[in-house]
DNA sequence: CCCTCGTCTTCCGCCCAGTGGAAGAACAGG
DNA sequence: CCTGTTCTTCCACTGGGCGGAAGACGAGGG
């Protein structure tokens, strides 16, 4: 082909998707060159495709000319499954109303937790998680709550890898983590103390439908108030129970959460 | 070309976008054939593109095989601008906490209002609006609050069209609507009584930054409780003022809302 | 049971849309 | 003025995309 060998035949669609996929929470705005580099698409090709995406509002530009995800994609994204989130939202609200803390809902996706909803007021928001964000499972409350109820083979596979260690308090020893998970199962809730972020600690409970952990409900507070965590478990547990009930009744098996294994 | 004339040369990208664009709140799940029809893409082409989109989780399938927007697009959508929404959320929360009603935040996009955030509890949710949803401006509280502060040429253009009439209470006479908007400006808030949906009424206030209506904050309740609306205006106004202040300080002109004219 | 109708999937040869290197423009520092 | 970076435009070549058609599948219905 003109200018050189076409690199092994990528479809146009794959290039468009690669361009979109170049954005993530750590790279919310990119220059055209960055975008081309990150997506592995030739600069001139990226230029053309980006123009088309921009015209459709799939991408937009910040005031300094960098590219971002556009409103149209946000709008489309709102049409994604989300049955569980919709049902759960009022209950998160309830927990927030009775505690005033940061409450969030997460599901497992692959080997990570994906935060699907979040309710927060104005006080002490250490921004540990953001809606649409991902974190590893073992250093987070919701992650431990979910992991503890996964089948054994899954947990084994999870523990077999080298685990990230965001803070010195993170538990990464397989044996110790396995024991921790056992106690989560025994108690019905998970606690963390500065395992993901220094300065914050959390409590979380799983949402169990037919014994399977479809989501987890968590709460995050400043670590100097760690003693209050126990007081917060009961409201969480109650809300999770209600959400589970609503999920059992509400949806007759419609695929509502993500579920890559 | 094989099979016949290529219809005027549409780019691959435009087809992909047409496929995504075929989904909207009234068509959240589609069969492949529907999708091909609605997007104007040949069936076999749609089949191939959809397969690629599905593999990337841009689309997913419901249990009965129909296609939906996938989790990956939801995730991407969460990276869209949203500065204003993020800042505003705690204040919506505050209004909800003090009133217990359905509170939502909307911006203008073209000739419609786009709902960008919503907080609701378990009681009386007539689901008038959904996050990511659009409604015409004149029958909604937030719409009137926004329209009242738009420049005159814009309002004229809006009124010049034939206006939809979702209920018999909807005001569609240009003269009457113009007078209504004048009184919104005078009072600083807008009220509606069953103008969008029978059985519900609403109050809304604009969020004004440098005199320009960047968003509107609204509340919806059952119409049998219409007398309580006045009581709800003050909390709304207060929250809107705080949001406006935060917006003025927080962002130095970054493009955060949509703004097609 | 076969037939019909609608939907989904696969196939295949043609050819134009897409491609990417290169050159040039625009801009920012130094 | 020069240098480095990013953005934009150009162009000749070609293989990925195209869509009609035919086949597979499934759900009624007679």
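Chains as they are written, first to last, in our numbering: chain A, 1 to 261; chain B, 1 to 261. Built from N, CA and C at the ideal position, the CB exists for glycine as well. Model, not experiment: these values are computed from the prediction.
Spatial distance of residue i from residue j (CA atoms)
i	j	result
residue 204 of chain A	residue 22 of chain A	32 Å
residue 194 of chain B	residue 216 of chain B	19 Å
residue 79 of chain A	residue 171 of chain A	37 Å
residue 96 of chain B	residue 123 of chain B	12 Å
residue 106 of chain B	residue 248 of chain B	18 Å
residue 133 of chain B	residue 53 of chain A	21 Å
residue 56 of chain B	residue 210 of chain A	29 Å
residue 243 of chain A	residue 88 of chain B	27 Å
residue 190 of chain A	residue 118 of chain B	29 Å
residue 218 of chain B	residue 64 of chain B	37 Å
residue 144 of chain A	residue 51 of chain B	34 Å
residue 13 of chain B	residue 11 of chain A	11 Å
residue 146 of chain B	residue 154 of chain B	11 Å
residue 254 of chain B	residue 183 of chain A	Here the model assigns residue 254 of chain B a pLDDT of 41, short of 50, so the residue's position is not dependable, and the following value carries that caveat. One C-alpha to the other measures close to 48 Å.
residue 223 of chain B	residue 177 of chain B	21 Å
residue 188 of chain B	residue 148 of chain B	9 Å
residue 35 of chain B	residue 246 of chain A	32 Å
residue 152 of chain B	residue 114 of chain B	21 Å
residue 30 of chain A	residue 179 of chain A	43 Å
First through last residue of the alpha helix (DSSP H) which encompasses residue i
i	result
residue 59 of chain A	Looking at the DSSP string, residue 59 of chain A is not in any alpha helix (DSSP H); the run it does join, the beta strand (DSSP E), is 59-61.
residue 118 of chain B	First-last for residue 118 of chain B: 112-119, but that is the beta strand (DSSP E), not the alpha helix (DSSP H).
residue 174 of chain A	174-187
residue 48 of chain B	43-55
residue 19 of chain A	12-21
residue 155 of chain B	152-160
residue 220 of chain B	Segment 212-222 is the beta strand (DSSP E) holding residue 220 of chain B; no alpha helix (DSSP H) there.
residue 37 of chain B	32-39
Residue i: first and last residue of the uninterrupted beta strand (DSSP E) it sits in
i	result
residue 144 of chain B	Run containing residue 144 of chain B: none in the beta strand (DSSP E); it sits in the alpha helix (DSSP H), 141-147.
residue 200 of chain A	200-209
residue 106 of chain A	102-109
residue 190 of chain B	190-193
residue 68 of chain B	67-69
Reference residue i; option with closest CA among the options
i	options	result
residue 304 of chain B	B:92, B:73, B:43, B:26	Because chain B in this structure spans residues 1 to 261, residue 304 of chain B falls outside the shown range and cannot be described.
residue 98 of chain B	B:246, B:243, B:232, B:240	B:232
residue 206 of chain A	A:166, A:228, A:137, A:178	A:137
residue 116 of chain A	B:72, B:100, B:147, B:115	B:72
residue 166 of chain A	A:58, A:220, A:140	A:140
residue 103 of chain B	B:189, B:154, B:211, B:91	B:91
residue 135 of chain A	A:182, A:29, A:197, A:149	A:197
residue 76 of chain A	B:110, B:131, B:112, B:45	B:131
residue 112 of chain B	B:84, B:157, B:101	B:157
residue 60 of chain A	A:41, A:28, A:45, A:40	A:28
residue 100 of chain A	A:229, A:148, A:46	A:229
residue 38 of chain B	B:220, B:245, B:212, B:18	B:18
residue 202 of chain A	A:86, A:225, A:213	A:225
Residue i: contacting residues in chain A (beta-carbon distance under 8 Å)
i	result
residue 140 of chain B	Residues of chain A passing the Cβ test: none, with the nearest at roughly 17 Å.
Assigned exposure category for residue i - 16 Cβ within 10 Å defines buried
i	result
residue 68 of chain A	buried
residue 162 of chain A	exposed
residue 93 of chain A	buried
residue 175 of chain B	exposed
residue 240 of chain B	buried
residue 82 of chain A	buried
residue 108 of chain A	buried
residue 299 of chain A	Residue 299 of chain A is absent from the model: chain A starts at 1 and stops at 261.
residue 200 of chain A	buried
residue 120 of chain B	buried
residue 74 of chain A	buried
residue 168 of chain B	exposed
residue 129 of chain A	buried
residue 235 of chain B	buried
residue 70 of chain A	buried
residue 173 of chain A	exposed
Closer than 9 Å at the beta carbon, the chain A residues around residue i
i	result
residue 169 of chain B	Those within 9 Å of residue 169 of chain B in chain A number zero; the least Cβ separation is about 28 Å.
residue 156 of chain B	Going along chain A, no residue has its Cβ under 9 Å from residue 156 of chain B, so there is no contact; the nearest lies around 26 Å.
residue 132 of chain B	74, 75, 76, 77, 78, 79
Partners in chain B for residue i, counting only beta-carbon separations shorter than 9 Å
i	result
residue 52 of chain A	11, 13, 14, 17
residue 213 of chain A	None at all; the shortest Cβ gap to chain B is about 17 Å.
residue 129 of chain A	Those within 9 Å of residue 129 of chain A in chain B number zero; the least Cβ separation is about 12 Å.
residue 73 of chain A	20, 73, 76, 77, 79, 80
Closer than 7 Å at the beta carbon, the chain A residues around residue i
i	result
residue 90 of chain B	120, 121, 122
residue 248 of chain B	Going along chain A, no residue has its Cβ under 7 Å from residue 248 of chain B, so there is no contact; the nearest lies around 16 Å.
Chain B residues whose Cβ lies nearer than 8 Å to that of residue i
i	result
residue 153 of chain A	By Cβ distance, chain B contributes nothing, its closest Cβ being about 24 Å from residue 153 of chain A, past 8 Å.
residue 68 of chain A	79, 80, 81
residue 217 of chain A	Simply none; closest approach about 16 Å.
The ligand ZN heavy atom lying under 6 Å from the CB of residue i
i	result
residue 11 of chain A	In the structure shown, the ligand ZN is absent, as is every other ligand, since no ligand is present at all.
Neighbour list for residue i in chain B, Cβ cutoff strictly below 7 Å
i	result
residue 25 of chain A	79
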